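Q: Below: one structure in structure tokens.
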Amino acid sequence: MSDVLFEVKDLVMAFHGNFNIFKRKRRIIYAVNKVSFTIHKGEIVGLIGESGCGKTTTARLLTRLLKETSGDVYFDGTNLCKLTDTKLRSFRKSFQMVFQDPYESINPNMRIVDIIGEPLVIHGESKDKGAMRQRVVTALESVDLTPAEDFLYRYPHQLSGGQRQRVVIARSLILKPRFIAADEPTSMLDVSVRAGILNLLLQMKERLNLTMLFITHDLSTARYMCDRIGVMYKGRLVEIGPTNQIISNPAHPYTKALVSVVKDLTEFIQERENIIKDGQVNSYTLEEGCIFQERCVQCSPHCMCVEPPLREITDKHFVACRC
Ligand SMILES: Nc1ncnc2c1ncn2[C@@H]1O[C@H](COP(=O)(O)OP(=O)(O)O)[C@@H](O)[C@H]1O
Ligand SMILES: [Mg+2]
Numbered sequence: 014m015s016d017v018l019f020e021v022k023d024l025v026m027a028f029h030g031n032f033n034i035f036k037r038k039r040r041i042i043y044a045v046n047k048v049s050f051t052i053h054k055g056e057i058v059g060l061i062g063e064s065g066c067g068k069t070t071t072a073r074l075l076t077r078l079l080k081e082t083s084g085d086v087y088f089d090g091t092n093l094c095k096l097t098d099t100k101l102r103s104f105r106k107s108f109q110m111v112f113q114d115p116y117e118s119i120n121p122n123m124r125i126v127d128i129i130g131e132p133l134v135i136h137g138e139s140k141d142k143g144a145m146r147q148r149v150v151t152a153l154e155s156v157d158l159t160p161a162e163d164f165l166y167r168y169p170h171q172l173s174g175g176q177r178q179r180v181v182i183a184r185s186l187i188l189k190p191r192f193i194a195a196d197e198p199t200s201m202l203d204v205s206v207r208a209g210i211l212n213l214l215l216q217m218k219e220r221l222n223l224t225m226l227f228i229t230h231d232l233s234t235a236r237y238m239c240d241r242i243g244v245m246y247k248g249r250l251v252e253i254g255p256t257n258q259i260i261s262n263p264a265h266p267y268t269k270a271l272v273s274v275v276k277d278l279t280e281f282i283q284e285r286e287n288i289i290k291d292g293q294v295n296s297y298t299l300e301e302g303c304i305f306q307e308r309c310v311q312c313s314p315h316c317m318c319v320e321p322p323l324r325e326i327t328d329k330h331f332v333a334c335r336c
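Under this note's numbering, think of the first position of the sequence shown as 14, with each following residue one higher.
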């Protein structure tokens, strides 16, 4: 049996952007552009990169909340992109997503018992009301919301941000999925409760034998959580490798800039000027050459014409740069 849970091949997601009155056509935004990577069973793979680089879209494509423009997503050997909606339904239980803002991903008018139990209703596992309530109680206890009876009949606004995110995690785990895509699960929370949520995710991962895609724009969080880290820039995966390799030996200039942020600020500003030019991420349309050319200090004429493919520089560490 293969140890690969997800295999993503040449995944592309193109959205229609705003209407351009000068060109008289809609701009096409390549939110995810020819992205390929694998996630092994039991692994936590991180996706980092600035806002708008395509992290959430990638997670939504993996969990089939979005239908790709082209490319393939294999889940334990099955190509999810080729399945009919009916066939896909049986797979949906196996992968869940935890969204960034707990308040947006749950219905404020529902009680906690109904929010956590809703996936059971959707997947037809709610025939026995007593058993369903018991499953919700167990789920609340597993995310340390105890005594569970105190939480069952509350509404989301009666909980703190950290408690709400625990409810979202309990809801996403109630169907015993094999894979979780956690999309910046702590970025809306107070610093004081962040560590608790991260540790909870790590505990749940061990307990339930989960595999995880962990999205963050914060490298230190990725370092804490992930076995491997993938770096995205303008819809492309520009580097991927083992966490310690990415942190100690970043190869792509964009990754180097991200790693330098973790250092002291003065040192960072000086170092950053030597690595990347400040620039606006504006065009997601297909361009010629390297995706990073406008911001790279080492950009050569060759880089402007030919797009660098991902190449292996050390064991399992890949970078899309000629550097
Ligand atoms: N439904 C959509 N329609 C149009 N554009 C979208 C849609 N979803 C995302 N985008 C665009 O795709 C790009 C990537 O978005 P996203 O995946 O949310 O980035 P990230 O999660 O890294 O911040 C952004 O430019 C965003 O505006
Ligand atoms: Mg996002």
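Cβ coordinates follow ideal geometry from the N, Cα and C atoms, glycine included. Just so you know, these numbers come straight off a predicted model, no measurement behind them.
Measure the Cβ-Cβ separation of Leu172 and Val149 and say whether it is below 8 Å.
A: Cβ atoms of Leu172 and Val149: not closer than 8 Å.
Q: Out of curiosity, what's the CA-to-CA distance linking Tyr246 and Cys303?
A: Rounded to the nearest angstrom, the two C-alpha atoms are 11 Å apart.
Q: At what residues does the beta strand (DSSP E) containing Gly59 begin and finish?
A: Run containing Gly59: Ile57 to Ile61, per the beta strand (DSSP E) assignment.
Q: Is the beta carbon of Val58 less than 8 Å from the beta carbon of Gly243?
A: Cβ distance < 8 Å, so Val58 and Gly243 count as in contact.
Q: Taking a contact to mean a Cβ-Cβ separation below 8 Å, would you say Ala183 touches His265 in this structure?
A: Not a contact, by the Cβ cut-off of 8 Å.
Q: Using only alpha-carbon positions, find the residue among Met14, Cys94 and Gly55 that is nearest to Asp23.
A: The shortest Cα separation from Asp23 among Met14, Cys94 and Gly55 belongs to Cys94.
Q: Cutting at 6 Å between CB atoms, please list the residues of its own chain near Arg73, excluding the five before and the five after it.
A: Excluding sequence neighbours, Arg73 sits near Leu79.
Q: Look up Ala152 in the DSSP assignment and say whether it is helix, strand or coil.
A: Helix, per DSSP.
Q: With H, G and I counted as helix, E and B as strand and the rest as coil, what does DSSP make of Ala27?
A: Here Ala27 sits in strand by DSSP.
Q: By Cβ distance below 8 Å, which residues in the same chain neighbour Arg39 in space, the five residues on each side in sequence not counted?
A: The residues are His29, Gly30, Asn31, Phe32 and Asn33.
Q: Count Cβ pairs between the segment 249–263 and the segment 318–330 that sit closer than 8 Å; are there 3 or more?
A: A contact exists between the segment 249–263 and the segment 318–330.
Q: Starting from Arg220 and walking both ways along the alpha helix (DSSP H), at which residues does that stretch end?
A: Where Arg220 is concerned, the enclosing alpha helix (DSSP H) stretches over Val204 to Leu221.
Q: I'd like to know whether the C-beta atoms of Ser64 and His230 end up nearer to each other than 8 Å.
A: Yes, they are a contact pair.
Q: Quick check on Ser83: does DSSP put it in helix, strand or coil?
A: Ser83 falls in the strand class under three-state DSSP.
Q: Under 6 Å Cβ to Cβ from Gln109, same chain only, skipping five residues before and after it: list those, please.
A: Result list for Gln109: Ser185, Pro190 and Ile193, in chain order.
Q: With a threshold of 7 Å (Cβ to nearest heavy atom), would Lys80 be considered close to ligand 1?
A: Checking the Cβ of Lys80 against ligand 1 gives no.
Q: By Cβ distance, which residues of its chain are closer than 7 Å to Gln176, with the 5 residues on each side in sequence left out?
A: Cβ neighbours of Gln176 beyond the five flanking positions: Leu158.
Q: When you measure from the CB of Thr229 to every non-hydrogen atom of ligand 2, does any distance come out below 7 Å?
A: False, no ligand heavy atom lies under 7 Å from that Cβ.
Q: Is any heavy atom of ligand 3 found at a distance shorter than 7 Å from the C-beta of Ile42?
A: Absence of ligand 3 is noted for the structure shown, with ligand 1 and ligand 2 being the only ligands found.
Q: Ordered along the chain, which non-local residues of its own chain (more than five positions away) have a Cβ less than 8 Å from that of Cys318?
A: Excluding positions up to five away in sequence, the list reads Glu301 and Gly302.
Q: Using 8 Å as the cut-off, can you tell me whether the segment 233–242 makes contact with the segment 39–57, which would need three or more C-beta pairs spanning the two stretches below that distance?
A: The segment 233–242 is in contact with the segment 39–57.
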